[in-house]
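S.K.: Structure in structure tokens, see below.
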Amino acid sequence: MADMSGQASGEDHKLRPFYCELNVLSRPDGSAIVTQGETAAIAGVYGPIEVKPNKIHIEKATVEGIYRPKSGLPCVSDRLCETTLQNTFEAAVLTSQYPRTLISISVQEMQDSGGLLACAINAGCLALMNSGLSMKFLVAAVHCMINKTGEVILDPDNKQLKDSCASLMFAFDNVDKNIVSSSTHGRFTEAQYQEALLRCRTASTEIFQLYRDMVKKYAPTMG
Amino acid sequence: MIPTPDPAYRVGDSVLPGDDVSAAVRTGDVSKIVLGPGLRRLGSQVVVSRAGVLKMPKNNVFVVDAYQKRYIPVKDEHVVGVVTNASSDVFRVDIGASVTASLSYLDFEHATKKNRPNIQVGDVVYAKLSTAGRDMEPELVCVDTHGKAGKLGKLEDGFLLTCSLNLIRKLLSVNCPLLQALGQKWPYECAFGMNGKVWIKARSVKETIAIGNAIYESELMDNAQIKKMCTNLGLVIDSM
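Order-wise, the sequence lines are chains A and B. Add 8 to the 1-based position in the first sequence for our numbering, that's all there is to it. Add 97 to the 1-based position in the second sequence for our numbering, that's all there is to it.
Structural data, given as structure tokens:
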């Protein structure tokens, strides 16, 4: 229906161009496609739906994250992505509103050019927004890397990642900007971690602003 | 820690989950405030729980209007459902919620233990939710409090389509011209369920498809565009 783009101003925190579109799929209750630079992910949310008896929670909804790679069956590292997605969205959704139901969030990798997990979380969050499910807060994920000279580079692409010694992903909430989830690979010092965290947190405000613009853009279609 | 900017939200603004809209809600008479869907109380604050537009449909009643496809049962709403199972004493009806609703065979007009309503699996019913809540299975009835069916009951023939909940609300609002404009073209019957299911019965397949498409297309149109579309649709169908 419409798309949004945003590019960070200033050299200090530069995210790749962020495009998204909501309600792209007809079958799920909410869906979104997100591209961050060359990285793209599409997400669909089903819920609240019937839950299997072995996964049921009496007092809250079961949140299920499903991560599908571009081709083939999910492998072990994809399972890790899945768990991160599940834990992130379980924190964001107001699960007590929908007891004894299942909220299923499926994310399909379209293209990985660095920072796919962050892109998947953002796509999932936008799909949740589109589904109208009650949430405590929104999440925005930002990916960054530390290169061999010890510099922090925000939202790197595949080419830049070849020169990395550590890669860090943080997801923040939009209320207190606290970390909801994080995923790190490689070796880094505490100071580097703190710097990366600070820069990602600053960059996350930009993604939240995009979310807000998105809601504004789609508001007239809601009748 | 970056301090959250605290913009003063007002009615008509787009809001995101987690936004504190206490200031917007507390304007005017604060002795009684009703928080509708999309808003919740968190201590002394009023916090948004879904992304949409903050609206005040009535005085001191606040809601967040958001796009939604999945139905969450609400008591006393009218829904259209498909019977999925007919066991001894209750019918299971798929109304698009997380669980199927139950409809007792005694909750039909003139139904007794001897005189069961003639309803088979796959039939479409127009019913009212007598109980609904997040902790309970939704229950349907096909009679009003006087034991009369009114418009409720089995829907014979026709065609069932599913759309977003916002579209249903839009079409059922008083000032929406679609149903009247279509009615001036062809005679038809329809039933709108608040669960996003629409049942249409027209004279021919051609007219049914035309009406169905008109309903889908009107989602992104304003009233003037809807009227224009109906005029065009009438001309096209008549010439076919």
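Cβ atoms here follow ideal geometry from the backbone N, Cα and C, with glycine treated the same way.
Quick check on residue 243 of chain A: buried or exposed, where buried means 16 or more other Cβ atoms within 10 Å of its Cβ?
M.R.: Chain A is shown only over 9 to 231; residue 243 of chain A falls outside these bounds and no answer can be derived.
S.K.: Tell me the DSSP secondary structure of residue 225 of chain B in three-state form.
M.R.: As a position in the second sequence, residue 225 of chain B is number 128, starting the count at 1. Of the three classes helix, strand and coil, the one that applies to residue 225 of chain B here is strand, per DSSP.
S.K.: Drop a sphere of 10 angstroms on the beta-carbon of residue 37 of chain A, count the other beta-carbons inside from all chains shown, and report buried for 16 or more, exposed for fewer.
M.R.: In the first sequence, the residue the question calls residue 37 of chain A occupies position 29. With 16 or more other Cβ atoms within 10 Å, it is buried.
S.K.: May I ask you to report which of helix, strand or coil DSSP gives residue 168 of chain B?
M.R.: By one-based count along the second sequence, residue 168 of chain B stands at place 71. Note: residue 168 of chain B maps to coil in three-state DSSP.
S.K.: Does any residue of chain B bring its CB to less than 8 Å from the CB of residue 183 of chain A?
M.R.: Residue 183 of chain A sits at position 175 when you count from the first residue of the first sequence. It does: the Cβ of residue 183 of chain A has a partner Cβ on chain B nearer than 8 Å.
S.K.: In the DSSP assignment, the alpha helix (DSSP H) including residue 166 of chain A goes from what residue to what residue?
M.R.: Sequence index remark: in the first sequence, residue 166 of chain A carries index 158 (1-based). Where residue 166 of chain A is concerned, the enclosing alpha helix (DSSP H) stretches over 166-169.
S.K.: Which residue marks the beginning of the alpha helix (DSSP H) containing residue 267 of chain B, and which one marks its end?
M.R.: Residue numbering aside, residue 267 of chain B sits at position 170 when the second sequence is read from its first letter. From DSSP, the alpha helix (DSSP H) with residue 267 of chain B extends over 262-269.
S.K.: With a threshold of 6 Å on Cβ separation, who are the neighbours of residue 190 of chain A within its own chain once the five nearest residues in sequence on each side are excluded?
M.R.: Translated into positions along the first sequence, residue 190 of chain A becomes position 182. Hits under 6 Å: 178.
S.K.: Express the C-alpha separation of residue 238 of chain B and residue 216 of chain A in angstroms, rounding to a whole number.
M.R.: Numbered from its first residue, the first sequence carries residue 216 of chain A at position 208. Numbered from its first residue, the second sequence carries residue 238 of chain B at position 141. Distance between the alpha carbons of residue 216 of chain A and residue 238 of chain B: 45 Å.
S.K.: Distance, Cα to Cα, residue 107 of chain A vs residue 44 of chain A?
M.R.: In the first sequence, the residue the question calls residue 107 of chain A occupies position 99. In the first sequence, the residue the question calls residue 44 of chain A occupies position 36. Between residue 107 of chain A and residue 44 of chain A, the C-alpha separation is close to 35 Å.
S.K.: Could you tell me if residue 61 of chain A is buried or exposed, where buried requires 16 or more neighbouring beta carbons within 10 angstroms of its beta carbon?
M.R.: Here the question's residue 61 of chain A lines up with position 53 in the first sequence. The residue is exposed, with fewer than 16 neighbouring Cβ atoms inside 10 Å.
S.K.: Taking 8 Å as the CB-CB cut-off, is residue 207 of chain A touching chain B?
M.R.: Reading the first sequence from its first residue, position 199 is the one you call residue 207 of chain A. No, residue 207 of chain A does not count as interfacial toward chain B.
S.K.: Tell me the rounded alpha-carbon separation between residue 46 of chain A and residue 31 of chain A.
M.R.: Within the first sequence, numbered from 1, the residue matching residue 46 of chain A stands at position 38. Within the first sequence, numbered from 1, the residue matching residue 31 of chain A stands at position 23. Going by the C-alpha atoms only, they are around 21 Å apart.
S.K.: Interface residues of chain A around residue 232 of chain B at Cβ under 7 Å?
M.R.: Taking the first residue of the second sequence as position 1, residue 232 of chain B is located at position 135. Ordered by position in chain A, the residues that pass the 7 Å Cβ test against residue 232 of chain B are 107.
S.K.: Just tell me which of A:188, A:208, A:226, A:198 has its CA closest to the CA of residue 95 of chain A.
M.R.: Stepping through the first sequence from its first residue, residue 95 of chain A is reached at position 87. Checking every option, the nearest Cα to that of residue 95 of chain A belongs to A:188.
S.K.: Three or more C-beta pairs closer than 8 Å, one from the region 161-173 of chain A and one from the region 192-200 of chain B: is that the case here?
M.R.: Flag = no, the region 161-173 of chain A and the region 192-200 of chain B do not touch.
S.K.: Per DSSP, what are the beta-bridge partners of residue 256 of chain B in this structure?
M.R.: On the second sequence, residue 256 of chain B is found 159 positions in, with the first residue counted as 1. Residue 256 of chain B is bridged to B:297.
S.K.: Work out the CA separation of residue 174 of chain A and residue 195 of chain A for me, nearest whole Å.
M.R.: Looking up residue 195 of chain A in the first sequence gives position 187. Looking up residue 174 of chain A in the first sequence gives position 166. Straight-line Cα distance between these residues: approximately 6 Å.
S.K.: Could you tell me which residues DSSP pairs with residue 137 of chain B in its beta bridges?
M.R.: Looking up residue 137 of chain B in the second sequence gives position 40. In DSSP, residue 137 of chain B forms a bridge with B:144.
S.K.: So residue 328 of chain B is in the alpha helix (DSSP H); what residue range does that whole segment cover?
M.R.: Translated into the one-based positions of the second sequence, residue 328 of chain B becomes position 231. It spans 320-336 - the alpha helix (DSSP H) in which residue 328 of chain B sits, taken as one unbroken run.
S.K.: Residues in the same chain with beta-carbon distance under 6 Å from residue 111 of chain B, minus the five sequence neighbours each way, listed in chain order, please.
M.R.: Your numbering for residue 111 of chain B matches position 14 in the second sequence. Excluding residues within five positions, the ones whose Cβ falls inside 6 Å are 150.
S.K.: If you pair each beta-carbon of the region 247-266 of chain B with each one of the region 157-172 of chain B, do three or more pairs fall below 8 Å?
M.R.: Touching, per the Cβ criterion.
S.K.: What residue from A:132, A:158, A:153 has the CA that sits closest to residue 147 of chain A's CA?
M.R.: The sequence position of residue 147 of chain A within the first sequence is 139, counting from 1. The option with the nearest alpha carbon to residue 147 of chain A is A:132.
S.K.: For residue 229 of chain B, does the count of other Cβ atoms within 10 angstroms reach 16, so buried, or fall short, so exposed?
M.R.: What you label residue 229 of chain B is simply residue 132 of the second sequence in a count that begins at 1. Buried, because 16 or more other Cβ atoms sit within 10 Å of the Cβ of residue 229 of chain B.
S.K.: Please confirm if the region 110-129 of chain B is in contact with the region 135-146 of chain A, defined as three or more CB-CB distances below 8 Å between the two stretches.
M.R.: The answer is yes - the region 135-146 of chain A touches the region 110-129 of chain B, with three or more Cβ pairs under 8 Å.
S.K.: Rounded to a whole number of angstroms, what is the C-alpha to C-alpha distance between residue 13 of chain A and residue 42 of chain A?
M.R.: For the purposes of this step, residue 13 of chain A is taken as residue 5 along the first sequence, with counting starting at 1. For the purposes of this step, residue 42 of chain A is taken as residue 34 along the first sequence, with counting starting at 1. Model confidence at residue 13 of chain A stands at a pLDDT of 46, short of 50, so the residue's coordinates are unreliable and nothing is read from them.
S.K.: Do you know offhand how far residue 73 of chain A's Cα is from residue 128 of chain A's?
M.R.: On the first sequence, position 65 is the one that residue 73 of chain A refers to. On the first sequence, position 120 is the one that residue 128 of chain A refers to. About 11 Å.
S.K.: Please state the DSSP three-state secondary structure of residue 13 of chain A.
M.R.: Walking along the first sequence from the start, residue 13 of chain A turns up at place 5. Annotation note: pLDDT 46 at residue 13 of chain A (below 50); position unreliable, coordinate value reported separately. Correct three-state label for residue 13 of chain A: coil.
S.K.: Report the partner residues of residue 93 of chain B according to the DSSP bridge assignment.
M.R.: Limits of chain B in this structure are 98 at one end and 337 at the other, which puts residue 93 of chain B out of reach.
S.K.: Can you confirm whether the region 145-160 of chain B touches the region 170-179 of chain B when touching is taken to mean that 3 or more C-beta pairs between the two stretches lie within less than 8 Å?
M.R.: No, the region 170-179 of chain B does not touch the region 145-160 of chain B.
S.K.: Mind checking who residue 190 of chain A pairs with in its DSSP beta bridge?
M.R.: The residue labelled residue 190 of chain A in the question sits at position 182 within the first sequence. DSSP output for residue 190 of chain A lists A:178 as bridge partner(s).
S.K.: Mind listing the chain A neighbours of residue 202 of chain B? Cutoff is C-beta to C-beta under 7 Å, in chain order.
M.R.: The count along the second sequence starts at 1 and reaches residue 202 of chain B at position 105. Here the premise fails: no neighbours, minimum Cβ distance about 24 Å.
S.K.: With a cut-off of 8 Å, does the C-beta of residue 170 of chain B fall near any C-beta of chain A?
M.R.: The residue given as residue 170 of chain B occupies position 73 in the second sequence. It does not; no Cβ of chain A falls within 8 Å.
S.K.: Answer yes or no: does any C-beta atom of chain A fall closer than 8 Å to that of residue 257 of chain B?
M.R.: For this step, residue 257 of chain B is matched to residue 160 along the second sequence. Closer than 8 Å: no.
S.K.: Please report whether the beta-carbon of residue 229 of chain B lies at a distance below 8 Å from any beta-carbon of chain A.
M.R.: Taking the first residue of the second sequence as 1, we reach residue 229 of chain B at position 132. By this cut-off, residue 229 of chain B is not an interface position.
S.K.: Compare the C-beta of residue 148 of chain A against all C-beta atoms of chain B and say whether one is closer than 8 Å.
M.R.: As a working note, residue 148 of chain A is residue 140 in the first sequence. Output row for residue 148 of chain A: interface = no.
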